[in-house]
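Please read the structure below before turning to the comments.
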Amino acid sequence: MLTLFGKDGFGSTIVEAACVLLGEPYERVEADPFSSEDDPNLERLQQANPLMQVPTVLLPDGTVLTESVAIILWLLERHPGSGLAPEPGDPLRPTFLRWLVYLPAAIYPMYTVGDVPERWVNGEDAQRLLKEATVNRTLRCWELMEQGLKPKPGQFLLGETMTILDLYVAMVTRWRPRRDRIRQVAPNVVAAAERAEQDPRIAELWARNFPPKPAEG
Ligand SMILES: N[C@@H](CCC(=O)N[C@@H](CS)C(=O)NCC(=O)O)C(=O)O
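When we follow the UniProt record's numbering, the leftmost residue of the sequence shown carries the number 1, and every step to the right adds one.
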């Protein structure tokens, strides 16, 4: 069985979703990389992945697999014909790969910087400006995804069929600056993500990772 180091709402969410959809059993080890508490799970995570990031996966033979997209592609290879991605040779495959890798290459690093601006620059003003810059860059990246993919209203990002790309977008658009602002620059990308996360097969794990907010009043 796979061991998945993760934390609710973090990047481990997409790996959990892939495992559930593919029927891949996994054991989840709770590890919050931002926690400063002594935690044996964090020690295990650091041993496996000195960058101390989740998702981190241990394969049954002890091999360490990090990087969300590497994990997803490995899982998809293990479950060919799942329908969660265009298969090799499908004309949609290059577009799928382009935008799947775009997420951790262009957008996710904005959180690596913006989550802990004090890691990168000194001074509150500089940190605030740096964080703002990461949000602006994130919005620009979503805008470019909308323009590049041109998703049709009512469809998923690659057309009629939901792929793991839709769910990855559903996870990241839950993060700063969140859906309402992202929707302004990428309405059909957000719509596809919102549709994908309604998939009943992942309802339970999605609600745990992103609990519904109580109504204000
Ligand atoms: N490139 C990695 C990024 C993973 C990542 O940055 N995860 C965040 C949590 S969502 C993390 O662990 N951050 C802690 C840190 O960077 O110190 C991936 O795609 O899996």
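The C-beta atom is built at its ideal place from N, Cα and C for all residues, glycine as well.
Taking the C-beta atoms as reference points, Ala126 is found no nearer than 8 Å to Asp166. Per the C-alpha coordinates, the member of Glu67, Leu59 and Glu37 positioned closest to Pro50 is Glu67. Apart from sequence neighbours up to five positions away, the residues of its chain that approach Asp8 with a beta-carbon distance below 7 Å are Arg208 and Asn209, ordered along the chain.
Going by DSSP, Leu167 is part of the alpha helix (DSSP H) stretching over Ile164 to Val172.
In this structure, the beta-carbon distance from Val15 to Leu4 falls below 8 Å. As far as DSSP is concerned, Arg176 takes part in no beta bridge. Assigned with DSSP and collapsed to three states, Glu43 falls in helix.
With a threshold of 16 other beta carbon atoms within 10 Å, Pro151 meets it and is buried.
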